[in-house]
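*Asks:*
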Amino acid sequence: MQESVPVLIGGVPLDAFLAFIFAFIASLFLGNLAYMLLRRLLDGRASRGKVKWAAAILQYGITVGGVYASARYFLDFELTAFFASLGILGIAVAFSSRQIIQNAVAGVLITINRPIQLEEWVVVSGRPETGLCRVQDISFTTTILQALDGGLVLTPNSSIITSKVINYSRAGLLEVSVPLAVPVTTEIARVQEIAVAAARDHPLILPHVEPAERSAVQNLFDLPYIGRLSSDLPRPDLRLFEPKVQVASIKEEWVRLTVRIWIRQIPGKDRIVSEYLDAVIGHLSAEGLLEAKKPEDDPAPGFPGTAEPA
């Protein structure tokens, strides 16, 4: 008596379906292997962006080709059987790895829409927020970001699509708020003058621009959001990036100020702020503006023509 072979929905034999699943997984593995090998082979010979996309095209080609070949061989390229097997596979994978599918679809959307690219400086909001990071790599399911402290942040691609992403590289500049505190008895106007002068003297703080970067900064005024920022100026120019000093709060015996400056070298933000504060503190200390002045005691009120009691 001949033993019957189990048949799944759509007339697909069980052994053929299992062989197709195995070939499908093997195609994914070979695609990822080809991606890594090509990245290593072309690393340093071309730009990272071109190498990455060439490796991604090879990876997707091997994966799609492997799935197509396995479906044609094991499923005899029957459309009903093919779609039935995909439906069964989709149901199985949906229950076991729904997050993987979401990240894979998000990876395709990132490739098409390109909200971020390699080497760009971005901040991905969420819980928690990534902070300022450089895009190190974009894989099929994961985006790798490198923080300023050197740590690698592995972010699911779905987070890039569903979260707010701030791209500072495409903006071309970054506004930084620098806190500053001085005694309440200090002449605030003089402190503001020193803070603004120190910002103007720093070579990496706008509106100070090197001649080689002047054309790049002028092109920023063509961006729509820069135009909205400069709507109060008759003609958009570097005056938009003038440093500004504002009083943030007065607490006990201290006045807290906020200095708002613009920079273009985003990775060097901490270094630029540190150099700027060193310059401001040096000028304030030289003029004695960081020392709290004690109010002079007023003499006790007396009456004319009367002597003080002994």
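To get our numbering, take the position in the sequence shown, counting from 1, and add 1213. Even for Gly, the Cβ is constructed at its ideal location relative to N, Cα and C.
Tell me, which residues are paired with Val1336 by DSSP?
*Replies:* In the DSSP output, where bridge partners are listed per residue, Val1336 has Ile1379.
*Asks:* Measure the alpha-carbon distance for Ile1407 versus Arg1452 and round it to whole angstroms.
*Replies:* Roughly 18 Å separates the two Cα atoms.
*Asks:* Compute the distance between the beta-carbons of Pro1341 and Ile1374, then report whether it is under 9 Å.
*Replies:* Not closer than 9 Å, so no.
*Asks:* If we require 3 or more residues per run, which beta strand (DSSP E) segments fall completely within the segment 1448-1476?
*Replies:* Here the runs fully enclosed are 1457-1464, 1467-1476.
*Asks:* Can you tell me whether Ile1329 is helix, strand or coil according to DSSP?
*Replies:* In this structure, Ile1329 counts as coil in the three-state DSSP scheme.
*Asks:* Going by other Cβ atoms of all chains shown within 10 Å of its Cβ, with 16 needed for buried, is Gly1278 buried or exposed?
*Replies:* Answer is exposed; the Cβ neighbour count stays below 16.
*Asks:* Using DSSP with H/G/I as helix, E/B as strand and the rest coil, what is Ser1444?
*Replies:* In this prediction, Ser1444 has a pLDDT of 49, which is less than 50 and means its spatial position is unreliable; what the coordinates show is noted afterwards. DSSP places Ser1444 in coil when its eight states are reduced to three.
*Asks:* According to the neighbour-count rule (16 or more other Cβ atoms, all chains shown, within 10 Å of its Cβ), is Lys1263 buried or exposed?
*Replies:* Lys1263 is exposed by the Cβ-count criterion.
*Asks:* Would you call Arg1477 buried or exposed, if buried means 16 or more other Cβ atoms sit within 10 Å of its Cβ?
*Replies:* It is buried - the Cβ of Arg1477 has at least 16 other Cβ atoms within 10 Å.
*Asks:* Is it the case that the Cβ atoms of Val1472 and Thr1399 are separated by a distance below 9 Å?
*Replies:* No, Cβ-Cβ distance for Val1472 and Thr1399 is not below 9 Å.
*Asks:* Whose C-alpha, out of Glu1332, Trp1334, Val1321, Tyr1286, is nearest the C-alpha of Ala1229?
*Replies:* Cα-wise, what sits closest to Ala1229 is Tyr1286.
*Asks:* Rounding to the nearest angstrom, what Cα-Cα distance links Val1404 and Leu1361 in this structure?
*Replies:* Using only the alpha carbons, I get a separation of about 31 Å.
*Asks:* Since Gln1405 is in the alpha helix (DSSP H), which residue starts that stretch and which ends it?
*Replies:* Unbroken alpha helix (DSSP H) run through Gln1405: 1401-1414.
*Asks:* Beta strand (DSSP E) containing Ala1247: first to last residue?
*Replies:* From DSSP, Ala1247 is part of no beta strand (DSSP E) but of the alpha helix (DSSP H) over 1227-1255.
*Asks:* Where Leu1358 and Leu1255 are concerned, what is the direct C-alpha to C-alpha distance, given to the nearest angstrom?
*Replies:* Spanning the two alpha carbons is a distance of roughly 21 Å.
*Asks:* Rounding to the nearest angstrom, what Cα-Cα distance links Leu1417 and Pro1480 in this structure?
*Replies:* One C-alpha to the other measures close to 12 Å.
*Asks:* Alpha carbon to alpha carbon, what distance is there between Asn1370 and Ile1323?
*Replies:* For Ile1323 and Asn1370, the distance between alpha carbons rounds to 8 Å.
*Asks:* Exposed or buried, which one is Pro1456 when buried takes at least 16 other CB atoms within 10 Å?
*Replies:* Its Cβ being crowded by 16 or more others within 10 Å, Pro1456 is buried.
*Asks:* Whole angstroms are fine: how far does the CA of Pro1392 sit from the CA of Ala1268?
*Replies:* Straight-line Cα distance between these residues: approximately 46 Å.
*Asks:* Is Tyr1281 buried or exposed, if buried means 16 or more other CB atoms sit within 10 Å of its CB?
*Replies:* By the 10 Å Cβ count, Tyr1281 comes out exposed.
*Asks:* Take Tyr1489 as the anchor and find which of Ala1247, Ala1232, Ile1474 has the nearest alpha-carbon.
*Replies:* Closest by alpha carbon: Ile1474.
*Asks:* To the nearest angstrom, how far is it from the Cα of Ser1338 to the Cα of Asp1483?
*Replies:* Roughly 20 Å between the two C-alpha positions.
*Asks:* Report back the beta-carbon spacing between Val1335 and Val1378 to the nearest angstrom; my notes put them in contact at under 8 Å.
*Replies:* Confirmed, about 6 Å.
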